[in-house]
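Visitor: Protein chains in written order, with the numbering used here: chain A, 48 to 344; chain B, 48 to 344.
There are 2 protein chains.
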Amino acid sequence: DCDGGGECANVLSGFEVKSVLRDSARDKTIFIHGTVEDQEAVVILEKTPMRQDNLAEIFQESRLKLQMKNDIYSTYQLQPPAHLNEIKTTVICPATQKHVKKYLSQEMFLVEETGEDYLSTTLPYIESQSFSVQWVYNILEKKAEADRIVFEDPDPDTGFVLLPDFKWDQKQLYDLYLIAIVHRRNIKSLRDLTSDHLPLLRNISKKGKESIQKQYGMPACKLRVYLHYQPSYYHLHVHFTSLNYDAPGCGVERAHLLTDVIMNLEADPQYYQNRTITYTLRADDNLLLRFREAGRC
Amino acid sequence: DCDGGGECANVLSGFEVKSVLRDSARDKTIFIHGTVEDQEAVVILEKTPMRQDNLAEIFQESRLKLQMKNDIYSTYQLQPPAHLNEIKTTVICPATQKHVKKYLSQEMFLVEETGEDYLSTTLPYIESQSFSVQWVYNILEKKAEADRIVFEDPDPDTGFVLLPDFKWDQKQLYDLYLIAIVHRRNIKSLRDLTSDHLPLLRNISKKGKESIQKQYGMPACKLRVYLHYQPSYYHLHVHFTSLNYDAPGCGVERAHLLTDVIMNLEADPQYYQNRTITYTLRADDNLLLRFREAGRC
Numbered sequence: 048d049c050d051g052g053g054e055c056a057n058v059l060s061g062f063e064v065k066s067v068l069r070d071s072a073r074d075k076t077i078f079i080h081g082t083v084e085d086q087e088a089v090v091i092l093e094k095t096p097m098r099q100d101n102l103a104e105i106f107q108e109s110r111l112k113l114q115m116k117n118d119i120y121s122t123y124q125l126q127p128p129a130h131l132n133e134i135k136t137t138v139i140c141p142a143t144q145k146h147v148k149k150y151l152s153q154e155m156f157l158v159e160e161t162g163e164d165y166l167s168t169t170l171p172y173i174e175s176q177s178f179s180v181q182w183v184y185n186i187l188e189k190k191a192e193a194d195r196i197v198f199e200d201p202d203p204d205t206g207f208v209l210l211p212d213f214k215w216d217q218k219q220l221y222d223l224y225l226i227a228i229v230h231r232r233n234i235k236s237l238r239d240l241t242s243d244h245l246p247l248l249r250n251i252s253k254k255g256k257e258s259i260q261k262q263y264g265m266p267a268c269k270l271r272v273y274l275h276y277q278p279s280y281y282h283l284h285v286h287f288t289s290l291n292y293d294a295p296g297c298g299v300e301r302a303h304l305l306t307d308v309i310m311n312l313e314a315d316p317q318y319y320q321n322r323t324i325t326y327t328l329r330a331d332d333n334l335l336l337r338f339r340e341a342g343r344c
Numbered sequence: 048d049c050d051g052g053g054e055c056a057n058v059l060s061g062f063e064v065k066s067v068l069r070d071s072a073r074d075k076t077i078f079i080h081g082t083v084e085d086q087e088a089v090v091i092l093e094k095t096p097m098r099q100d101n102l103a104e105i106f107q108e109s110r111l112k113l114q115m116k117n118d119i120y121s122t123y124q125l126q127p128p129a130h131l132n133e134i135k136t137t138v139i140c141p142a143t144q145k146h147v148k149k150y151l152s153q154e155m156f157l158v159e160e161t162g163e164d165y166l167s168t169t170l171p172y173i174e175s176q177s178f179s180v181q182w183v184y185n186i187l188e189k190k191a192e193a194d195r196i197v198f199e200d201p202d203p204d205t206g207f208v209l210l211p212d213f214k215w216d217q218k219q220l221y222d223l224y225l226i227a228i229v230h231r232r233n234i235k236s237l238r239d240l241t242s243d244h245l246p247l248l249r250n251i252s253k254k255g256k257e258s259i260q261k262q263y264g265m266p267a268c269k270l271r272v273y274l275h276y277q278p279s280y281y282h283l284h285v286h287f288t289s290l291n292y293d294a295p296g297c298g299v300e301r302a303h304l305l306t307d308v309i310m311n312l313e314a315d316p317q318y319y320q321n322r323t324i325t326y327t328l329r330a331d332d333n334l335l336l337r338f339r340e341a342g343r344c
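Take a look at the structure:
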């Protein structure tokens, strides 16, 4: 149904939308589940990046509609000619349930977890899940990924292993991403930290930065060093990412700068046992269910 | 040069491009420096998010061109009708060198600003710049954007004006972005806040969330409410963004959750005068130069 130049009968004209799986306003991308001629399909629409070589034509050939004017600032709706403003379209057809699930985003909800919530709701949930961190122990014991280790301090109390995160392909420094995993096995998260852990945290900060400077030539002032709460696994680890890289999970609702954590513990040894911590949970997260059962959100 | 419906003579048809300041493929946004009728101008083009209510029309009315087909996967270039695929256009004209610099992409550097650094380096810098916030006063005095105000509490001490941020076109809720601007004119930033401002901050938190619930049906548990440090202008304001929207500037190195700010001031009335605050500065920021001259980074 396409000629040689790629012009097609519009196979999507009969696409029936069942639901929007994910909708990213920032990326101008939408993931849709539906059917094409009775077959399940996932369609991804992504607006194309602005093209520098089109700019002159866009400015000359577009229609403009004023929205707002204040002092030197004004905003318009601009309608460029259709051929200058395409949408990249990906079709998966027939799609399985796995494809549908893969693209399904879940609504996020804000939780304000008090120290009491942690003890009565979050901690029992974590313990009931018995999340496996065997893969972490494999790294610490050199049973896996030993060749990926960038630096190790073997001290059982203040030591750690530093290695590239899976998300970083190490091909460019732009999206540098390393993880420091502590040797101590009894610290699940931020919530377990007290002033007793200050030597450990200061050691990670100092030697982690030094190793990254040495190995990659990236100075400390170009690094974002932080913990997640909630973390994705309950064995203490610290993220090192390039400041120029807008890494996933570095938002204010999940990331806690290591320097802030250290200052908080210096000011109050029990800071992380008592402090209300704000974070987000996905709609399908069982921890959110527990908070709802407890009438806490 | 616009009629009542907002249709304009295309003021940008004579826009001469001098240089591209920044080009974000992920955000589908481009920042351009040029001239309009011999005046310096910065033009920002940002493709609009996909709109769910347009999908049926997009699928039926577009032209489709096959690019690749492999098994169940295929990709197309899709040309929707022009009116379904607009570009949000922001014009700053006449623009100063500061505007041009603001949008020029630059390397970022981390600064750890102590309370002393603020007094000896940052505050003198801010005062020397005499940044104009006339446009803020225009809003507070209803000389501009009065029709955009979503909510106002006129109290001179604890009151504020709530209105959509420029970055939000208000066509869909997933990138909801509003700003609360306080009526008080003597609070430059986070650094000026003390426990005396708790009634103001609690009022913004409570009434801001209530207004957004009432006006847009979005509950507080779907909102990220935060301040920037450094802010982009030195008149206290609070950001309200949808939690599902990965808004620019909500990273841990710039955003401070309003709930955290309130808790910090409850624990220590002088918290923001004494605390070391970590943030990033662009390579060309004169404040970074001052920190370097002071031997502080």
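Using N, Cα and C, we set each Cβ at its ideal position, and we do this for glycine too.
So alanine 88(B) is in the beta strand (DSSP E); what residue range does that whole segment cover?
Guide: Note, alanine 88(B): beta strand (DSSP E), 86 to 94.
Visitor: Over what stretch of residues does the alpha helix (DSSP H) that includes alanine 103(A) continue unbroken?
Guide: From DSSP, the alpha helix (DSSP H) with alanine 103(A) extends over 102 to 108.
Visitor: For leucine 334(A) versus phenylalanine 156(A), is the C-beta distance shorter than 8 Å?
Guide: Contact flag unset, no.
Visitor: I want to verify the contact list: residues of chain A whose CB lies under 8 Å from the CB of glutamine 181(B), in sequence order.
Guide: Neighbours of glutamine 181(B) on chain A, chain order: Asp118.
Visitor: Using a cut-off of 8 Å between C-beta atoms, extract the partners of threonine 306(A) located in chain B.
Guide: Here the neighbours are Glu159, Thr323, Thr325.
Visitor: Expressed to the nearest angstrom, what Euclidean distance is found between the alpha-carbon atoms of leucine 111(B) and serine 71(B)?
Guide: Straight-line Cα distance between these residues: approximately 25 Å.
Visitor: Examine the Cβ distances between the segment 100 to 111 of chain B and the segment 160 to 172 of chain B and report whether three or more of them are shorter than 8 Å.
Guide: With the cut-off at 8 Å, the segment 100 to 111 of chain B and the segment 160 to 172 of chain B do not touch.
Visitor: Could you tell me whether the Cβ atoms of valine 197(A) and leucine 225(A) are closer together than 8 Å?
Guide: Cβ atoms of valine 197(A) and leucine 225(A): closer than 8 Å.
Visitor: Between which two residues does the beta strand (DSSP E) containing leucine 125(A) stretch?
Guide: Start and end: 120 to 126.
Visitor: In chain order, which continuous runs of the beta strand (DSSP E) of length 3 or greater are located wholly inside the segment 301 to 343 of chain A?
Guide: Whole beta strand (DSSP E) segments, 3+ residues: 302 to 304, 324 to 329.
Visitor: Answer with yes or no whether the minimum CB distance from glutamine 107(B) to chain A is below 8 Å.
Guide: At least one chain A Cβ lies under 8 Å of glutamine 107(B).
Visitor: If I follow the unbroken beta strand (DSSP E) through arginine 231(A), where does it start and stop?
Guide: That residue, arginine 231(A), is in no beta strand (DSSP E); it is neither H nor E in DSSP.
Visitor: Measure the C-alpha to C-alpha separation of tyrosine 292(A) and aspartate 85(A) and round it to an integer number of angstroms.
Guide: One C-alpha to the other measures close to 42 Å.
Visitor: Taking CB distances under 8 Å as the criterion, tell me whether threonine 169(A) reaches chain B.
Guide: Answer no: the Cβ-Cβ gap between threonine 169(A) and chain B never drops below 8 Å.
Visitor: Does the structure place the segment 294 to 309 of chain B close enough to the segment 117 to 135 of chain B that three or more beta carbon pairs sit under 8 Å?
Guide: Counting Cβ pairs under 8 Å, fewer than three are found: no touch.
Visitor: State the beta-bridge partners of glutamate 199(A) as determined by DSSP.
Guide: Val208(A).
Visitor: Could you tell me whether any Cβ in chain A is nearer than 8 Å to the Cβ of glutamate 163(B)?
Guide: For glutamate 163(B), the answer is no, since every Cβ of chain A falls outside 8 Å of its Cβ.
Visitor: What is the C-beta distance between alanine 302(A) and histidine 275(A), in whole angstroms, given that I count them as a contact (C-beta under 8 Å)?
Guide: Indeed they touch by this definition, with Cβ atoms about 6 Å apart.
Visitor: Would you please verify whether the beta carbon of histidine 130(A) is less than 8 Å from any beta carbon of chain B?
Guide: Histidine 130(A) counts as touching chain B.
Visitor: Taking its Cβ as the centre, do 16 or more other Cβ atoms sit within 10 Å of glutamate 93(A), making it buried, or is it exposed?
Guide: Buried.
Visitor: Who are the neighbours of threonine 122(A) on chain B, taking C-beta pairs under 8 Å?
Guide: What threonine 122(A) touches in chain B: Lys135, Thr136, Thr137, Val138, Phe213.
Visitor: From the beta carbon of threonine 76(B), is the nearest beta carbon of chain A less than 8 Å away?
Guide: Judged by the 8 Å Cβ criterion, threonine 76(B) is in contact with chain A.
Visitor: Quick one: is glycine 255(B) buried, meaning 16 or more other Cβ sit within 10 Å of its Cβ, or exposed?
Guide: Buried: at least 16 other Cβ atoms inside 10 Å.
Visitor: Could you name the residues of the segment 263 to 285 of chain A whose beta carbon sits closer than 8 Å to any beta carbon of chain B, in the order they occur along the chain?
Guide: Within the segment 263 to 285 of chain A, the residues whose Cβ lies closer than 8 Å to some Cβ of chain B are Ala267, Cys268, Lys269, Leu270, Arg271, Tyr273, listed in chain order.
Visitor: Residues in its own chain within less than 8 Å of lysine 269(A) by CB, not counting five upstream and five downstream?
Guide: Here the set comprises Ser289, Leu290, Asn291.
Visitor: Show which residues of chain A have a CB atom less than 8 Å away from the CB atom of isoleucine 79(B).
Guide: Leu102, listed in chain order.
Visitor: With burial defined as no fewer than 16 other Cβ atoms inside 10 Å of the residue's Cβ, what is the status of aspartate 204(A): buried or exposed?
Guide: With fewer than 16 Cβ atoms within 10 Å of its Cβ, aspartate 204(A) is classed as exposed.
Visitor: Touch check for the segment 132 to 150 of chain B and the segment 142 to 161 of chain A: three-plus C-beta pairs under 8 Å?
Guide: Counting Cβ pairs under 8 Å, fewer than three are found: no touch.
Visitor: Taking the alpha-carbon positions, what's the asparagine 185(A) to threonine 325(A) distance?
Guide: Near 32 Å, if we compare the C-alpha coordinates of threonine 325(A) and asparagine 185(A).
Visitor: Here's a check: name, in chain order, each residue in its chain whose Cβ is nearer than 7 Å to the Cβ of glutamine 114(B), leaving out the five neighbours to either side.
Guide: Thr122, Tyr123, Gln124, listed in sequence order.
Visitor: Determine whether the Cβ of proline 201(A) lies closer than 8 Å to any Cβ atom of chain B.
Guide: Answer no: the Cβ-Cβ gap between proline 201(A) and chain B never drops below 8 Å.
Visitor: Going by C-alpha distance, which of Gln262(A), Ser252(A), Glu87(A), Pro171(A) is nearest alanine 227(A)?
Guide: Closest option to alanine 227(A), Cα to Cα, is Ser252(A).
Visitor: Give every residue of the same chain whose Cβ lies closer than 8 Å to the Cβ of threonine 241(A), excluding the five residues on either side of it in the sequence, and list them in chain order.
Guide: Excluding residues within five positions, the ones whose Cβ falls inside 8 Å are Leu312, Pro316, Gln317, Tyr319, Gln320.
Visitor: Within the continuous beta strand (DSSP E) that includes valine 180(A), where are the two ends?
Guide: Careful: valine 180(A) lies outside any beta strand (DSSP E) and carries neither H nor E.
Visitor: Just to make sure I have the definition right: I need the residues of chain B whose C-beta is within less than 9 Å of the C-beta of glutamine 320(A). Which are they?
Guide: Within 9 Å Cβ-Cβ: nothing; glutamine 320(A) doesn't reach chain B, min ~14 Å.
Visitor: Please report the distance separating the alpha-carbon of valine 308(B) from that of glutamine 277(A).
Guide: Near 20 Å, if we compare the C-alpha coordinates of glutamine 277(A) and valine 308(B).
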